[in-house]
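Notes for the one structure printed next.
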Amino acid sequence: MTGLISEKSSARPRGRTESESMSDELAKQLASYKAQLQQVEAALSTDAENEDLLKLQKDLQEVIELTRDLLSNQPSVAAANADNSANSIPSHKWKTGDKCMAVWNEDGQ
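Right, dumping it as structure tokens:
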């Protein structure tokens, strides 16, 4: 019987949950924001009165804080793995001769 199981493609790597991918992306963005903040602070050391740089510094600090909050609210990888492993444990031990219901490809029932 072919065609019963179809594999859906995904943008994230195999074995990675959406939460893990999002956490990785947020961590990368956080590092980028911190690097940008360092550059702005270096520029402010030579021009401390520049209003554009001061606003940018404040905005970056806020974005960094919000990104940290998002990261701290992400479910932990350990908890996600525990949930996945709990769902993969069979609830019934099948043995030869057991009756079950399955979709038949010919009629879809």
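Letter by letter, the sequence shown follows residues 1 to 109 of UniProt numbering. Quick reminder that beta carbons are idealized off the backbone N, C-alpha and C, glycines included. Computed from a predicted structure; not experimentally measured.
query = What does a CB cutoff of less than 6 Å around Leu56 pick up in its chain, not counting 5 residues either side in sequence?
reply = Result list for Leu56: Val40, in chain order.
query = Is there contact between the segment 25-45 and the segment 58-71, where contact requires at least three CB pairs shorter than 8 Å?
reply = The segment 25-45 is in contact with the segment 58-71.
key: Helix, strand or coil at Gln74 according to DSSP, with G and I counted as helix   = The answer is coil: DSSP assigns Gln74 none of H, G, I, E or B.
task = Thinking Ser19 and Gln74 are a contact (beta carbons under 8 Å), I'd like their distance in whole angstroms, please.
result = So it is a contact: roughly 6 Å between Cβ atoms.
ask   = Is Glu18 helix, strand or coil by DSSP?
value = Glu18 falls in the helix class under three-state DSSP.
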